[in-house]
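In this note's numbering, the protein residues as written are 220 to 572.
Right, here's the structure in full:
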């Protein structure tokens, strides 16, 4: 990863290097319009984007190594293979975080399938023959197990009321992770049965939920707005549609609320992506000092200056209104004043000589 980062920094270091890299891209018949990304070391998702773009330009980097003797950071064949493994491994996490980071569209039914995919990916990586991947997956799984060990029953129910998954998908996931007849799946079934009996008690015939589960599932490849689906079926399944509305609208993350107060984009943007962590910390501390207790006099002076400018504009407006002088006349008077001062200063200089 460090070598890839140095490769990207080298290419982006000067216009001459960029031109040489573009020539290498052309020689290797690659699309030069695809962006070569530079990462922020403190953000793993940007590192994934950097690795993904570098893998695409792999042949161009190898060509640049032959054309430019100063380019010494190009990874070897084995290192490129290692980068591909890391990139493929991080792709699952990038897709999951991108999905959960949405503000308007994430509904509760998206949680369970993505977290299941992450856990399954970690388990498979822990059984890898590659020591590096196995060690990395083992450390990540301990973090995952700390925060995501227990699946919330509510989010399992949210998957069941998604017409693309239903109960069969939940059973498949638990059997894949914990084996057949696991206690985790039994807990989901018991909670789901009690939830069903509470919602639809006292009905002799098939309940709305049973009728819904008996229907054929919708193809998973279909892009479905699940809230719109239940709105369209609210007259067919009135109680079930109301339950789906209550369950699906449970937020799966705090991104939507936190993004409104986040200042990360104003500290690390695309023009400051190469700053070191120490510099980022210093900028953030300076911002806190200016806004916090230490910067109160600075803010007072800034407000005072703003007040003076406001008063000046107001007095200028009153002067123009009372004297009935237009803006063009006022500008002309000011220019004449400057010209008069210049003529006077030139005359004084001539007399002195």
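Note that the Cβ used here is the ideal one computed from N, Cα and C, for glycine as well. Model, not experiment: these values are computed from the prediction.
The Cβ neighbour count for residue 328, taken over all protein chains shown within 10 Å, is at least 16; the residue is labelled buried. A Cβ-Cβ distance of about 18 angstroms is found for the pair residue 292 and residue 242, leaving them out of contact under the 8 angstroms criterion. Taken in chain order, the complete alpha helix (DSSP H) segments of 4 or more residues contained in the region 234-297 are 234-246, 263-275, 277-286. Excluding five sequence positions before and after residue 302, the CB atoms of its chain that fall closer than 8 angstroms to its own CB belong to 220, 223, 270, 273, 274, 294, given in chain order.
By the beta-carbon neighbour count (other beta carbons within 10 angstroms, threshold 16), residue 496 is exposed. Under the DSSP assignment, residue 465 falls in the alpha helix (DSSP H) whose first and last residues are 457-467. Non-local beta-carbon contacts of residue 384 in its own chain, meaning distances under 6 angstroms to residues more than five positions away in sequence, involve 378 in chain order. In the three-state DSSP reduction, residue 439 falls in the coil class, being neither helix nor strand.
Judged by DSSP in its simplified three-state form, residue 361 adopts helix.
Contact between the region 357-373 and the region 433-446 is absent: fewer than 3 CB-CB pairs across the two stretches fall below 8 angstroms.
Distance from the Cα of residue 259 is smallest, within the candidate group 267, 252, 345, for 267.
Taking C-beta atoms as the reference points, residue 279 and residue 249 count as a pair closer than 8 angstroms. Take the alpha-carbon of residue 299 and the one of residue 404: they are about 41 angstroms apart. Considering only 308, 346, 352, 347, the residue with the shortest C-alpha distance to residue 337 is 308. Cβ neighbours of residue 459 within its own chain (closer than 7 angstroms, five residues either side excluded): 427, 428, 431. In this structure, residue 235 keeps its C-beta atom at 8 angstroms or more from the C-beta atom of residue 257. Cβ neighbours of residue 454 within its own chain (closer than 8 angstroms, five residues either side excluded): none. Apart from sequence neighbours up to five positions away, the residues of its chain that approach residue 244 with a beta-carbon distance below 6 angstroms are 251, 279, ordered along the chain. For the set 313, 335, 341, 505, the Cα lying nearest the Cα of residue 362 is the one of 341. For residue 225, the enclosing alpha helix (DSSP H) begins and ends at 221-230. Nearest in C-alpha terms to residue 316, of all of 465, 262, 297, 231, is 262.
Per DSSP, the continuous alpha helix (DSSP H) segment holding residue 394 begins and ends at 385-397. Check the Cα spacing between residue 376 and each of 305, 282, 468: the tightest is with 468.
Per DSSP, reduced to three states, the secondary structure at residue 371 is coil, with no helix or strand assignment. Here the alpha carbon of residue 332 sits roughly 16 angstroms from the alpha carbon of residue 437.
Around the beta carbon of residue 326, 16 or more other beta carbons sit within 10 angstroms, so the residue counts as buried. By the neighbour-count definition (other C-beta atoms within 10 Å, threshold 16), residue 392 is a buried residue. Apart from sequence neighbours up to five positions away, the residues of its chain that approach residue 290 with a beta-carbon distance below 7 angstroms are 229, 283, 284, ordered along the chain. In the structure shown, residue 453 falls within a coil segment according to DSSP collapsed to helix, strand and coil. The Cβ neighbour count for residue 531, taken over all protein chains shown within 10 Å, is under 16; the residue is labelled exposed. The DSSP-derived three-state label of residue 471 is coil. Burial check for residue 535: the Cβ neighbour count within 10 Å stays below 16, so the residue is exposed. With 16 or more other CB atoms across the displayed protein chains lying within 10 angstroms of its CB, residue 388 is buried.
A direct Cα-to-Cα measurement between residue 450 and residue 395 gives close to 33 angstroms.
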